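So the structure is just underneath, and the comments pick up after that.
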Amino acid sequence: MSPSSRARRAARPGRARPSKSRQRSSLGALALAVVGVLLPGTAYLLARRFRLGVLVTTISLALYGAAAYVGLKRRDDVIAWALDPDLLLWMVGGLSAVALCWVVVLVTSYKMLRPLAARPASRLFGAVVVGLVCFGLASSTALGAQTLMAQRSLVRKVFGNEKSKSQTRPTITNTKDVWAQFPRLNLLLLGADDGEGRDGTRTDTVMVASIDTKTGDTALISLTRNWMRMPFPKNSPLYKIYPTGFWDPNGPKEQSNFYLDAMYRKVPELHHGILGPSDNEGADVLKLSVGEALGLQLHYYVQINLAGFEQVVEALGGITVNINYPVPVGGNDDKQIPPSRYLEPGPNRKLNGTDALWFARGRYRVPGADVARQARQRCTIKAIVERATPQNVLANYQSIAKAGEQLIRTDIPQDLLRHFITLGEKVKSAKITNIDLDKERNYPNGRNPNYAAMRSLVQTALNPPATKPRPTTTPTRRPTTKPTRPTTTPTHPADLTTDCAYNPN
């Protein structure tokens, strides 16, 4: 090679850049490469690979900007994507591809910035640090992929798709604004110790949550498990069989097989298929009967498996409740088996899954056991709503999703889930109240409840009459007759914040 050729090669600017960029220390190069992970491509610019650096940095900024825009302006779309099982699978693939690109950018950035004359010890240290960062990126990606797959499994197993069957689910005519069709959403909440393939299920807990879809204000209505003569709508085929309610007119006064808590199991056994094809015939029966008893149309049901309930509470890190009297853990009144222990009274008691379950279920020798248990169940729901903050749910999502698969059965369809999530956000910050059905008047023993009076109470509580202005003049004489006492006591729903407060007296 001639001297002139060597001079021209030495004068080329591209050959001088690498030597200048690599004059920094090994530790400095490592720090720049690792920090460059925050905005991929910037390390390439520092290494004077401008074209590559500009390209990767531009792509990174575009992705960050798109993520910020979607997160801030398209939250409804994000919720919809998170509830689409097929799209969730694509998101797992996309997340893996992004993580792989991130690792490649980190490794190549360090190689470009690393001094050519670095000592073996410095090279080894840099390789270890880069390897650890890559491992962290891979672990985060794996965690994200597992969370997405847990979400996909939860949606597919719990929520009905277009092939699910329900005879009581409403027809949606306005999919863009669902809640315009339902100013008030009525959900049937069932607590049972059931499972797939298991016989003998009894729904010891039957509640209705009536939600104002504009404000999120929720009224809870508890039904007692030993109610008899549960009515059916006149247009139901079950009304023709039980025109005076679900009971045997020729049987004894007390008929446990005709209790409310036996209907879920008993009606499908006696009249299988009477309502038509259904994924959960017992729940359809209860939606019709409970709705008729309270004068409400029940739109969907949510059935809770009590074993799964423990797992969800554990996944949330427990719940906090006020305990006003000793609550039995275990025990059987009928067999005279005492409880193993009691939950001691006190304010702000932290309960794990097992104790939370017994707080909601315990009844051994508790005065007014059914009504007392209903009150504690409402407080349990309130405690779970308060505990399920977005931060807590996200931090424990895989455990919650896994428990949810065993916990929940419902006829809420997949395509409405995003609407329910936005409604749930309103419920969390709104008021939760209780509608008292007046046990002393309307169901003192459960054998013949006054359903007409309870329907009147519910309607008055959910649709209170306008307050009349006080008269400006004083009546000149008192009425000569004493007003008759009404058969119902219309009251505003009681706030659960007060009902669930610590008040041992």
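First residue of the sequence shown? That's 741 in the working numbering, and the numbers climb one at a time after it. Virtual Cβ for every residue (Gly too), placed ideally from N, Cα, C. No experiment lies behind these values; they were computed from the predicted model shown.
For the pair L1177 and L1197, the CB atoms are nearer than the 8 Å cut-off. Under the criterion of beta carbons closer than 8 Å, V1030 and L963 qualify as touching, at roughly 6 Å. For secondary structure counted as the alpha helix (DSSP H) over 4 or more consecutive residues, the region 1151-1195 holds these complete runs in sequence order: 1157-1169, 1179-1182. T887 and K903 have their C-alpha atoms some 26 Å from each other.
Residue state for Y1040 is assigned as strand, using DSSP reduced to three classes.
Between W967 and G1186 a beta carbon distance of about 5 Å is seen, short of the 8 Å cut, so the two are scored as contacting. Counting every other CB atom within 10 Å of its CB across the protein chains shown gives V810 a total below 16, marking it as exposed. A Cβ-Cβ separation of about 6 Å places L930 in contact with V946 under the 8 Å criterion. Judged by beta-carbon spacing, I1044 lies beyond the 8 Å limit of A1123, meaning their Cβ atoms are not closer than that value. For the pair V1111 and K1168, the CB atoms are not nearer than the 8 Å cut-off. Annotation for S962: the continuous beta strand (DSSP E) segment containing it runs 958-963. Just so you know, the alpha carbons of G1016 and K905 end up roughly 9 Å apart.
Secondary structure note for M1003: it is in no beta strand (DSSP E), and the uninterrupted alpha helix (DSSP H) holding it is 1000-1010. Per the DSSP secondary-structure output, F986 pairs in a beta bridge with M970. Pairing P910 with L877, the inter-Cα distance amounts to about 46 Å. In the three-state reduction of the DSSP assignment, L853 falls in the helix class, which pools H, G and I.
With respect to the C-alpha of F1049, the residue from L1202, Q1117, H1039, G833 having the closest C-alpha is Q1117. The C-beta of G1071 has 16 or more other C-beta atoms within 10 Å across all chains shown, which makes the residue buried. Per DSSP, the continuous beta strand (DSSP E) segment holding S950 begins and ends at 943-952. Sequence-distant Cβ neighbours of W842 in its own chain, meaning closer than 7 Å and more than five residues away, are V777, P780, L877. Counting along the chain, no beta strand (DSSP E) covers P1204, and no H or E run does either. If you look at V1069, you'll find it in the beta strand (DSSP E) that goes 1067-1069. For I951 and K993, the gap between their C-alpha atoms comes out near 36 Å. Judged by DSSP in its simplified three-state form, G1102 adopts coil rather than helix or strand. Residue environment analysis places K1027 among the buried positions, since at least 16 neighbouring C-beta atoms fall within 10 angstroms of its C-beta. The Cβ atoms of D957 and K813 do not sit closer than 8 Å to each other. In the DSSP annotation of this structure, P992 is not part of any beta strand (DSSP E), being labelled neither H nor E.
Comparing alpha-carbon positions, the option among R1195, K1075, Q1051 lying closest to D1095 turns out to be Q1051. When the beta-carbon positions are compared, L772 and L786 come within less than 8 Å of each other. Beta-bridge analysis with DSSP links T1060 to K1090. Of the residues assessed, F875 falls on the exposed side of the cut-off, its CB having fewer than 16 other CB atoms within 10 angstroms. Within its own chain, no residue has a Cβ closer than 7 Å to the Cβ of L840 once the five positions on either side in sequence are excluded. Residue state for G931 is assigned as strand, using DSSP reduced to three classes.
G1086 is the residue among G1144, G1086, A1135 whose C-alpha sits nearest the C-alpha of C1240.
Looking at the backbone, the Cα of D1019 and that of R815 are separated by about 32 Å.
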